[in-house]
Amino acid sequence: FDLRDPAAALAAVDGAEAVIHLAANVGGIGFNRANPAPLVYDNLMMTANIFESCRDAGVAKLVSACTVCAYPKHTDAPFSEDDLWKGYPEESNAPYGLAKKMMLVLSDAYRRQYGFDSCAPILANLYGPRDNFDLESSHVIPAMIRRFVEAVDGGDETVTLWGTGNPSREFLYVDDAARGLLLAGERLHVSEPVNLGVGVETRIRDLAETIARITGFEGTIAWDTTRPDGQPKRYLDVSRARELIGFEARVALEDGLARTIAAFREQTATLA
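Just so you know, we're using our numbering here: the sequence shown kicks off at 84 and counts up by one.
Right under this line is the structure:
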């Protein structure tokens, strides 16, 4: 389904009792910088069409996955939901983040106008098996995993990564994210923002060293400081999700990375 088309969106949700909206045009820093207009247009159109189609089709509950990229660039970490509307997002993330932020506006508007029950939890950076490992459009974890695995397999002595390695991020394993979205569907009946994450920051440099160790890479990690870092700090205050829906992340980062690396190796072996 091309959800930018209203008829396709209606066909996609027809007959559903509940809908979890995960569709997105999304990528990493380089992809975001190269594609600002499609990121705004595609994500706005998909979300607007999904809301209207769910209402038309009589869907009882819509859960839309909002993003940590919606937060202002200059926000004290951990990010609190109360600070969501207090500034403009980091520039490379703004087109995507603002388009996704409209999920919260639509949720509130459709609740007040039509009594339509929806919510839009704000997700931390996700990772896990079956992620996008395309170096042109992937996020930081799958990009690093691919670089380190290929370096090990190719006998390379150096892996070069973007930026300084100093920014920090928060990473939520895909199984935890799925469980959180299901809990939101069952228990969250408000349109206010609610963060879904682990509430722990990880420095990019430390992430790289962990992935290198798990993959068995023993060479040098070089940092290309001519490349952008993105937002300096990005991790979430997750207390509201704990209180409202009883959500706690279960998968520790190192365990999740090991699972993701194993899945990527299996995937590439199958394709070889």
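Glycine included, C-beta positions come from ideal geometry on N, C-alpha and C. Here the structure is a predicted model, which is why all the values come from computation and not from measurement.
- At a cut-off of 3 residues, the continuous stretches assigned as beta strand (DSSP E) that sit fully inside the stretch 182-246 are 208-210 and 241-245.
- Two segments are said to touch when three or more pairs of C-beta atoms, one from each, lie closer than 8 Å; by this definition the stretch 111-118 touches the stretch 175-186.
- For the options 302, 161 and 132, the alpha carbon positioned closest to that of residue 230 is the one of 302.
- In this structure, DSSP gives residue 300 a state outside helix and strand, which the three-state scheme calls coil.
- Here the stretch 319-327 lies against the stretch 269-278, with 3 or more beta-carbon pairs under 8 Å apart.
- Put simply, the backbone Cα of residue 110 is about 10 Å away from that of residue 218.
- Going by C-alpha positions, residue 203 is about 14 Å away from residue 327.
- Membership of residue 257 in the alpha helix (DSSP H) is indicated by the continuous run 257-270.
- In the pairwise beta carbon analysis, the stretch 249-262 is classified as touching the stretch 283-294: at least three pairs are separated by under 8 Å.
- Judged by their CB atoms, residue 308 and residue 243 are not nearer to each other than the 8 Å cut-off.
- Residue burial is scored here from C-beta neighbours: residue 132 has at least 16 other C-beta atoms within 10 angstroms and is therefore classed as buried.
- The beta carbons of residue 268 and residue 90 sit no closer together than 8 Å.
- With respect to residue 264, residue 95 sits apart: the two C-beta atoms are not nearer than 8 Å.
- Annotated three-state conformation of residue 85 is coil, per DSSP.
- Beta-carbon to beta-carbon, residue 138 and residue 193 are separated by about 6 Å, close enough to satisfy the 8 Å threshold.
- Shown here, residue 276 sits in coil according to DSSP, grouped into three states, outside any helix or strand.
- Looking at 337, 238 and 266, the one whose alpha-carbon comes closest to that of residue 144 is 266.
- The beta-carbon distance between residue 232 and residue 342, rounded to whole angstroms, is 14 Å. This is too long to meet the 8 Å contact definition.
- Residue 170 has its alpha-carbon roughly 45 Å from the corresponding atom of residue 354.
- Excluding residues up to 5 positions away in sequence, 182 and 185 lie with their Cβ nearer than 7 Å to the Cβ of residue 127 in the same chain.
- When 136, 124, 150 and 112 are compared, the shortest CA-CA separation from residue 105 is found for 150.
- For residue 101, the enclosing beta strand (DSSP E) covers residues 101-104.
- Residue range 144-147 is occupied by the beta strand (DSSP E) that includes residue 146, with no alpha helix (DSSP H) assigned at that position.
- In this structure, the straight-line span from the alpha carbon of residue 273 to that of residue 200 is close to 8 Å.
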